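Q: Could you have a look at this structure, given as structure tokens, before my questions?
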């Protein structure tokens, strides 16, 4: 069973749900700034769901590649921390959540670095 593709499917469902929820249910409830924060979360969520799909496809051809598996985990962690903190920030206005968001951003960067290195070198170990 391909872990990355299962997670991709779940995230694909969640990001479409989040986008629709923001566009239809939240547009009258949140300020313009809160809606922009929500939209940023949705955009990054979608971009990195697509990246998860890529790691899932690569994992099928390179199942033992530790760096591809690490990239998958970092993409997922970035979605949870970066996007999750922005979703919660948009809904609650708790500005301290903004301090957590960069951790997710660093996870995204790490995921892209792992994926790049894995593809360029074909390395199995990180």
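In my numbering, the protein residues as written are -18 to 107. No residue lacks a Cβ here, since even glycine has one placed at the ideal position from N, Cα and C. If you're wondering where the values come from, they're calculated on a predicted model, not measured in any experiment.
#1: Would you call the CB atoms of residue 77 and residue 55 closer than 9 Å?
#2: How would you write the range of the alpha helix (DSSP H) that residue 7 sits in, first residue to last?
#3: Just to confirm my understanding: we take residue -15, look at its own chain, exclude 5 residues before and 5 after, and list those with CB closer than 6 Å. What are they?
#4: Please give the ranges of any alpha helix (DSSP H) in the segment 36 to 75, keeping only runs that are unbroken, at least 4 residues long and fully inside the region.
#5: What would DSSP say about residue 12, mapped onto helix, strand or coil?
#6: Using alpha carbons as the reference points, say which of 74, 50 and 23 lies closest to residue 60.
#7: What are the start and end residues of the alpha helix (DSSP H) that includes residue -8?
#8: Look at the Cβ atom of residue 18, then the Cβ atom of residue -11, and state whether they are nearer than 9 Å.
#9: Rounding to the nearest angstrom, what Cα-Cα distance links residue -7 and residue -18 in this structure?
#10: Measuring alpha carbon to alpha carbon, tell me which of 65, 96, 82 and 100 ends up nearest residue -1.
A: Concretely, from the data shown:
#1: no
#2: Neither: residue 7 is in no alpha helix (DSSP H) and is coded neither H nor E.
#3: 33, 36, 37, 40 and 53
#4: 47 to 59 and 65 to 73
#5: coil
#6: 23
#7: -16 to 1
#8: no
#9: 18 Å
#10: 65
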